[in-house]
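Notes follow the structure.
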Amino acid sequence: MATASPGRALASPKYTFSYVDKVFDFILECGVRPFVELGFMPRELATVRETVFWWGAHCSPPTDMARWVELVTRSIEHWIDRYGLAEVREWRFEVWNEPNLVPHFWTGTKTEYFELYEQTALAIRKIDPELKVGGPATSVFVPDDRYKGEVEDRSAMHETVTASDVDPLDWRPVWIEDFIAWCAERELPVDFISTHLYPTDFAYGPTGGGSTSLDTSTRRSTTCGSFAISWRTARIRIPRSTSPNGRHRHRPATSSTTRSSRRRSSRGRT
Numbered sequence: 000m001a002t003a004s005p006g007r008a009l010a011s012p013k014y015t016f017s018y019v020d021k022v023f024d025f026i027l028e029c030g031v032r033p034f035v036e037l038g039f040m041p042r043e044l045a046t047v048r049e050t051v052f053w054w055g056a057h058c059s060p061p062t063d064m065a066r067w068v069e070l071v072t073r074s075i076e077h078w079i080d081r082y083g084l085a086e087v088r089e090w091r092f093e094v095w096n097e098p099n100l101v102p103h104f105w106t107g108t109k110t111e112y113f114e115l116y117e118q119t120a121l122a123i124r125k126i127d128p129e130l131k132v133g134g135p136a137t138s139v140f141v142p143d144d145r146y147k148g149e150v151e152d153r154s155a156m157h158e159t160v161t162a163s164d165v166d167p168l169d170w171r172p173v174w175i176e177d178f179i180a181w182c183a184e185r186e187l188p189v190d191f192i193s194t195h196l197y198p199t200d201f202a203y204g205p206t207g208g209g210s211t212s213l214d215t216s217t218r219r220s221t222t223c224g225s226f227a228i229s230w231r232t233a234r235i236r237i238p239r240s241t242s243p244n245g246r247h248r249h250r251p252a253t254s255s256t257t258r259s260s261r262r263r264s265s266r267g268r269t
């Protein structure tokens with residue numbers, strides 16, 4: 000979203016999609032469907048700016064929820080126009096990334112994230128009732144109540160680094176139960192639940208640096224036995240083609256043997 004140009008302010012927001020079009024075109028050409036993470040906040044809509052990364056991502060609630068909804072709506076409508084409704088219905092739209100990690104990936108509260116999800120999910124379903132949306136895209140599993148409140152309470156942390164055995168600890172995902180309850184109470188659409196699990200969730204020292212030495216059998220049973228759905232692994236491979244009007248369309252899958260035979264026969268033609 001462009002909000003200004005050199006030397007003058009724009010009378011209204013102008014939406015440009017050239018960069019994301021190149022990315023999505025390439026992803027689809029590779030036979031993969033996008034799993035779209037909606038975030039972060041444009042500078043002009045951010046309540047707090049440059050919260051994380053060297054390039055200054057703006058990971059905060061919007062100053063104007065209606066304008067955020069308009070941005071989401073315009074973006075998805077553009078993708079539908081470019082790739083076709085049938086294709087975009089197969090995508091997943093994840094609202095934000097790891098909002099429990101305050102103040103880096105989010106500067107608001109848990110409830111403020113739920114409100115962002117509510118407005119975003121309703122906007123997406125208003126475009127088309129078969130579009131898929133989910134969250135809360137939280138980070139890590141924890142064996143304590145540090146994320147039970149509106150923001151992280153580090154005084155409630157269990158020092159996993161000092162545990163002799165991490166498997167018996169009561170590992171749980173972050174915000175999942177509260178998120179499901181919030182959406183159920185308001186009858187909000189939830190097509191998938193996402194949370195991000197990392198092999199090092201339990202391996203950091205009390206000060207946030209360093210790691211302990213855990214044997215591989217413990218590491219496997221702890222990480223692989225946990226519930227986790229993440230955009231990082233939810234890739235769906237599909238074949239696709241582009242129709243003459245520029246919209247991307249599916250084509251029937253062909254085996255590598257068939258494709259090779261076609262290439263050989265083509266080279267043999269005069």
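In numbering that gives the first Met the number 0, the protein residues as written are 0 to 269.
Even for Gly, the Cβ is constructed at its ideal location relative to N, Cα and C.
Cβ-based neighbour list, residue i, same chain, cut-off 6 Å, excluding 5 preceding and 5 following
i, result
"Ala120", "Val132, Leu187 and Pro188"
"Asp144", "Ala155"
"Glu111", "Pro60"
"His157", "Pro142 and Asp143"
"Glu117", "Leu187"
"Phe39", "Ala56, His57 and Cys58"
"Phe16", "His77"
"Glu129", "Arg88"
"Val173", "Asn99, Thr137 and Tyr146"
Same chain, Cβ closer than 7 Å to residue i, five either side skipped, listed in chain order
i, result
"Ile79", "Val87"
"Val101", "Val150 and Glu151"
"Leu44", "Pro61, Thr62, Asp63, Arg66 and Trp67"
"Ala162", "Leu168"
"Arg42", "Arg48 and His57"
"Phe104", "Val51, Cys58, Asn96, Glu97 and Pro98"
Of the residues the options, the one placed nearest residue i, counting alpha carbons only
i, options, result
"Thr72", "Tyr14, Thr108, Glu28 and Leu27", "Tyr14"
"Ile179", "Glu129, Leu168, Ala8 and Ala136", "Ala136"
"Arg81", "Met40, Pro98 and Asp24", "Asp24"
"Leu196", "Glu97, Gly83 and Leu37", "Glu97"
"Trp181", "Arg153, Glu129, Val173 and Glu114", "Glu114"
"Thr46", "Val173, Thr108, Asp166 and Gly134", "Thr108"
"Tyr18", "Ala8, Ser74 and Pro12", "Ser74"
First and last residue of the uninterrupted alpha helix (DSSP H) at residue i
i, result
"Arg73", "Met64 to Tyr82"
"Lys125", "Lys109 to Ile126"
"Arg42", "Careful: Arg42 lies outside any alpha helix (DSSP H) and carries neither H nor E."
"Val19", "Ser17 to Glu28"
"Phe178", "Ile175 to Arg185"
Endpoints, beta strand (DSSP E) assigned at residue i
i, result
"Phe92", "Arg91 to Val94"
"Lys13", "Arg7 to Lys13"
"Gly133", "Lys131 to Ser138"
"Ser163", "Careful: Ser163 lies outside any beta strand (DSSP E) and carries neither H nor E."
"Phe191", "Phe191 to His195"
Close-in-space but distant-in-sequence residues of the same chain around residue i (CB under 8 Å, 5 per side omitted)
i, result
"Ile228", "Note on Ile228: pLDDT 31, under 50, position unreliable in the model; the coordinate value appears next. Phe191, Ile192, Ser193 and Thr194, listed in sequence order."
"Glu49", "Gly55, Ala56 and His57"
"Arg171", "Phe140, Val141 and Pro142"
"Ile26", "Arg32 and Pro33"
"Gly245", "With a pLDDT of 40 at Gly245, under the threshold of 50, the modelled position of that residue is not reliable, and no figure is offered here."
"Arg185", "Glu117"
"Thr106", "Thr46, Val47, Thr50, Cys58, Ser59 and Pro60"
"Arg91", "Phe34, Val35, Lys131, Val132, Gly133, Asp190, Phe191, Trp230 and Ala233"
"Ile175", "Pro135, Thr137, Ile192 and Thr194"
Segment contact, 8 Å Cβ cut-off, at least three pairs: the stretch 115-135 with the stretch 143-160 = no
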